[in-house]
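Numbering (the numbering used here), first residue to last: 19 to 193. Taking it in order: structure first as structure tokens, then the write-up.
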Amino acid sequence: MLLSCSYNNAQEIQNSYNLDVARELGLCYDDKKLMSGGGDFYYPLCSDSSVRVFFLEPNYYVAYVDDMLSCGSCGCQLELFKKDDNKYILVDVWHCCGVDLRQDFTDYILVHDDENGPGCFTTHTLKAKVRSDRFYIEEITNYEHNMSDNHADFCYREDSLWLIDTYKSENRLLK
């Protein structure tokens with residue numbers, strides 16, 4: 019009976035993470051598959067839960083891969099695919115961000131990021147949605163500004179207002 023319960027949990031994770039779509043997009047595989055371009059690097063296994071594809075109405079799939087080869091020094095990336103005529107078309111990419119792969123399914127995705135400033139470190143969480151083939155920020159849900167002893171008096175990161183300018187320049191704000 020415990021094996022059956024374990025199998026159901028694995029099946030639930032596969033369904034909620036949309037790993038069937040991840041397979042179609044070539045983001046993960048069931049068996050070890052060597053990446054092209056040389057080296058001894060492999061695509062993520064679908065079973066290791068480092069890949070998640072979120073579904074957002076009406077026909078968007080947001081892919082996030084959290085592994086060493088898909089992420090850089092600034093974080094990972096979200097890729098927005100639109101399903102049209104049984105094809106997945108990449109329509110937007112959000113670079114340098116983080117996502118909790120275990121977050122509950124909703125009509126948005128919580129994206130987190132951090133920034134180093136002069137003697138400070140900020141972290142923030144954003145509620146991201148999709149409209150017109152583009153990610154946009156609906157709300158800043160969390161913001162923290164941590165200062166060190168050598169914090170600069172001219173720091174512009176004391177509140178989250180600087181994020182508005184940053185994301186406005188990237189056309190990620192609606193207003």
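Note that beta-carbon positions come from the ideal geometry of N, C-alpha and C, so glycine has one too.
| query | result |
| --- | --- |
| Return the CA-CA distance between K50 and C94, expressed in angstroms with no decimal places. | 22 Å |
| Identify whether K186 lies in helix, strand or coil by the three-state DSSP scheme. | helix |
| How about L63 and C89: are their beta carbons less than 8 Å apart? | no |
| Check whether the stretch 64-84 and the stretch 101-111 touch, using three or more Cβ-Cβ pairs below 8 Å as the test. | yes |
| Kindly indicate the opening and closing residues of the beta strand (DSSP E) around D131. | I127 to G135 |
| With 16 as the cutoff for other CB atoms within 10 Å, does L87 come out buried or exposed? | exposed |
| Go ahead and label A170 buried or exposed: buried means 16 or more other beta carbons lie within 10 angstroms of its beta carbon, across all protein chains shown. | exposed |
| Consult DSSP for E156 and reduce its assignment to one of helix, strand or coil. | strand |
| So what does DSSP say about E10, is it helix, strand or coil? | Outside the modelled stretch of the chain, which goes from 19 to 193, sits residue 10, for which no answer is possible. |
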